[in-house]
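Residue numbers (our numbering): 417 to 1590.
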């Protein structure tokens, strides 16, 4: 880079194209004019009316002042083309290419050749290959009227006659003149202490001065010199421009040896003020603008007419696209030279489309000569390079040649890092001579488009060099000479257009694949043309590898070049996520991100030399600013427009470069991790075998490129022959450097995607880094990347890539002994695997369900067992929805009842989606009653460990509490170690069939006739003067009880049960304990035993019915505990109702008794009597 920078300083490269103004200085006054003129350049705010569009505004027009008496035009003497090596070593690709490979800013020593006065050079026939001035300026020194009359006027007339075209000329000559149209200007430079300096600029100025100053001695009627110049040399037409200007040099601006010693004998009273001097300079600059735009308009008009004429001749024989290209490019260059970059870019885009059209016609008709002219079938220098690479790969080079090639190749490799440069070859000479290949044609057009876009974007590559050029011009001013009125230099706009930089990257992404195909065909055609007999049977796989190396290396270099040219500090790239390198010192073959061609931001990467980083392996772009500190970067103002577009496009270029690098690694057997990643096949689907469609006996297919590529990785020894990028050469030397560069590119793409807010791409890049670290057995780094990536993918989605990532993540956690994280990740893996199995069994093609069958080498084999094993060491349960791992869960039939037992069992069908068997420690089913009953919920549980195999299974759960009624499932849970898989539902809320795991969750329970039973009714005897009683009957059925506990609770308001006064009816059994409040205890009870308990009750209100709840908990002789609960409604109303109606008289009381029945049943009255009261 230091060598390139120094070269550019000498030759003037990297500068913005400038329009020349020729000045003729027969009186050597330019050095006096220069201090005031140079600071006012470049010209600003020019406006030109386009012929086919709105008014165009030119913000800045850079001017090159050339001495017309010394400078030899380029079309008068062609400069021979530079050697290829020199061009590759020094050209930057940012300067307009001229004929013969000479740039516009050629060294002064090469172009300043004395030319005899009046010599006329031979004009080039193609106008697009000429570079002529837009304006010619004659600098005249005329000190008084006598010198003007005697010599100066004749000299000016002779100069105008020599440098203006004749008025009468042929139409053809007129067209040629219009292509090089220019304007002329006579500039009168006035020296102090001369008679001319005492004259006013015009008579009007003199009269005004006389009125203001009584001491003026300017003689009335004398014409000033400026008026003489204008009357003698300006046109009399009103529309003609003013071609005469005058600048007066201050006495302090003239060296002492050039200052006249004699003061005019007749002084005048006229004094030049600073405002007058500034006004004169502004008039001169305005004349420059108007005259340059006038000549530019004439040129554009003539170019457009010629282009239109040539375009109409497209179908005629002999029409040549290359000649048409040079002509139309001349118009585009004209636009570019005056700063109309957008118009120039449109011109090149139209030429690119025209080239596509011509090539398509030639391909359809196979007659290139009759459709735009034939082009070279291949690129000669590329063919030589391919042959040399093939010789190197085959080892046919001797030792001396190999050493020479190595030494000579060093500069070539460095130059190939700048593959797209319109100054790399004499492209325009080649196009004009019809000796250009399609590859060179495409490269040239693309390089011009990129150069225009970069200039339009005001990228740092152009801006910094431009500022350097302006500074160099200001430093060239003579020391001690200051302008009369200093011009305030315009502050350069340092704002880059990020949207246009993004357009550069987008065009590159389209250009690289298209040109790679063209380049591959170019090389093959060149090799076949060089030795057709040696390649009759087709190329070997080694030859194809060399061709791939050349093409891939070129594509890689193009991507890196564009990344360098579009680098900007306005892009807020986050810090690198790469961990620092462990160990002592990093190898110098693979550069750190700050030493790559594109800029790196604050990073944790180790630096080899933080204070003075080594030069980039490729071209980082001219005018690169030195690295600033982190604090300076933080103060950089970031733009908002185009940031995301540019970041996304640059990220795609990084990914394209990475894919090229990945291709080189694949040939050498270096995988990036995905090829070795565990593959989880869709469960239950047979793995198909790849069957070759090639005939076993057909060996001639090796010539096919696709077939050769497939064989390339397996049968060819890797070679670096043909790789031109030093970065790729270093990366392919060993796997460590390869993985390091792959990691850097992925990290850079990741950070750019982050700025572009493309989360999917960000997570993809993170996953790539995770897999790479897993391949390198860096489990800690891999785990950190997997943590970020898996959070994005979520639990519900599934893909084979995600399953593979989870398998690798589990291995990282296992190596890190992270049990809890392993359990959670394993559940996520099994969730995705089960989702895949669910989609399989729901597929319409899989009508007949088959259980899942995992092969013995499946990566998820054994995950379930290890999950349960590690979960046992956890302190709390890990809960997960049961529906993620099981499906088709349903209650099979009615509950089952076992003879001799009071419980019942329920069978549950379930389809396991897990890849392995799972051992269940506990199975629990909870149901809720849908109608009013004594107990709200019932629980069914398994009696022993259950094993669920993949596919269809049947579970049996049992309950010892059989409460008759209708129920609905509200909970189903499976316990395996500390893993708890559950399903919960609200029985009162309706659920859709899609979300409900039980399709039929209802079931009905009833009591067996021989099971233990209880009853509650009112006592037969009713006493009105005492509390009535309730009889509680107990029947053991077929159960032999060891103990029994009966609880009764009132359910009616105001009902009090006096259970402490309970008695056993009969002497069959006694209480085990004295009755307590609502509780009765019995010991052993034989089967088929009935016991009645009687206890009084009371009510606060007259109730027809009372309600009570009875619960029985008992244990049989088999040590099985059961539970029974019932709710009873007992009618307690009196059977007879008596209503007494008393009527009181003075001497008697009349009572009327109405006796009625209280129930609907029949009632017989045996006897009634009325007893006297006391």
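A virtual CB, placed ideally from N, CA and C, is assigned to each residue, including glycine. These numbers come from a predicted model, not from an experiment.
Alpha carbons only, please: which of the options is nearest the one belonging to residue i?
| i | options | result |
| --- | --- | --- |
| residue 1426 | 1140, 1321, 1485, 1314 | 1314 |
| residue 610 | 1297, 665, 647 | 665 |
| residue 985 | 1062, 971, 1323, 975 | 1062 |
| residue 805 | 1589, 1525, 477, 939 | 939 |
| residue 741 | 548, 724, 1139, 466 | 724 |
| residue 688 | 1074, 608, 641, 478 | 608 |
| residue 1187 | 1498, 1224, 1152, 437 | 1224 |
| residue 1246 | 1221, 1200, 1301, 1193 | 1301 |
| residue 946 | 601, 795, 553, 646 | 795 |
| residue 440 | 472, 481, 476 | 481 |
| residue 1079 | 1135, 1096, 1577 | 1135 |
| residue 1085 | 1150, 779, 1145 | 1150 |
| residue 1176 | 1285, 1064, 1154 | 1064 |
| residue 1153 | 616, 1081, 1569, 941 | 1081 |
| residue 1475 | 1481, 1482, 1464 | 1464 |
| residue 1200 | 957, 1192, 1182, 711 | 1182 |
| residue 1580 | 1552, 1587, 1251, 1568 | 1552 |
| residue 563 | 612, 1437, 1173 | 612 |
From residue i to residue j, what distance separates their C-alpha atoms?
| i | j | result |
| --- | --- | --- |
| residue 1585 | residue 1571 | 12 Å |
| residue 1361 | residue 1415 | 26 Å |
| residue 1179 | residue 1068 | 15 Å |
| residue 927 | residue 862 | 8 Å |
| residue 857 | residue 807 | 28 Å |
| residue 1276 | residue 1331 | 7 Å |
| residue 1389 | residue 1513 | 44 Å |
| residue 1162 | residue 1147 | 15 Å |
| residue 897 | residue 560 | At residue 897 the pLDDT is 36, less than 50, meaning the model places this residue with poor confidence and gives no usable figure here. |
| residue 1220 | residue 1394 | 26 Å |
| residue 729 | residue 1060 | 46 Å |
| residue 472 | residue 618 | 35 Å |
By the 10 Å Cβ neighbour count, where 16 or more other Cβ atoms means buried, how is residue i classified, buried or exposed?
| i | result |
| --- | --- |
| residue 1538 | buried |
| residue 1555 | exposed |
| residue 1574 | exposed |
| residue 674 | exposed |
| residue 1406 | exposed |
| residue 458 | buried |
| residue 460 | exposed |
How about residue i and residue j: are their beta carbons less than 7 Å apart?
| i | j | result |
| --- | --- | --- |
| residue 1170 | residue 990 | yes |
| residue 708 | residue 843 | no |
| residue 869 | residue 916 | yes |
| residue 1229 | residue 1218 | no |
| residue 568 | residue 558 | yes |
| residue 1365 | residue 1337 | no |
| residue 962 | residue 809 | yes |
| residue 1376 | residue 1319 | yes |
| residue 1058 | residue 918 | yes |
| residue 380 | residue 1442 | With the chain covering only 417 through 1590, there is no way to say anything about residue 380. |
| residue 1641 | residue 1456 | In the structure displayed, the chain extends from 417 to 1590; residue 1641 sits before or after that span and is not available. |
| residue 1327 | residue 1368 | yes |
Stretch pair the region 1483-1498 + the region 1556-1566: three plus CB contacts closer than 8 Å: no
Inter-stretch contact (C-beta, 8 Å, three-pair minimum) for the region 1192-1208 and the region 1355-1368: no
At least 3 beta-carbon pairs within less than 8 Å: the region 1375-1394 vs the region 1411-1431: yes
Validate contact between the region 1513-1528 and the region 1459-1474 using beta carbons, cut 8 Å, 3 pairs: yes
Meets three-Cβ-pair contact criterion under 8 Å: the region 694-711 and the region 656-663: yes
Cβ contact check for the region 1073-1093 and the region 1184-1201: 3 or more pairs under 8 Å: yes
The region 966-973 contacting the region 1138-1145, beta-carbon criterion three pairs below 8 Å: yes
Cβ contact check for the region 1502-1513 and the region 1448-1455: 3 or more pairs under 8 Å: yes
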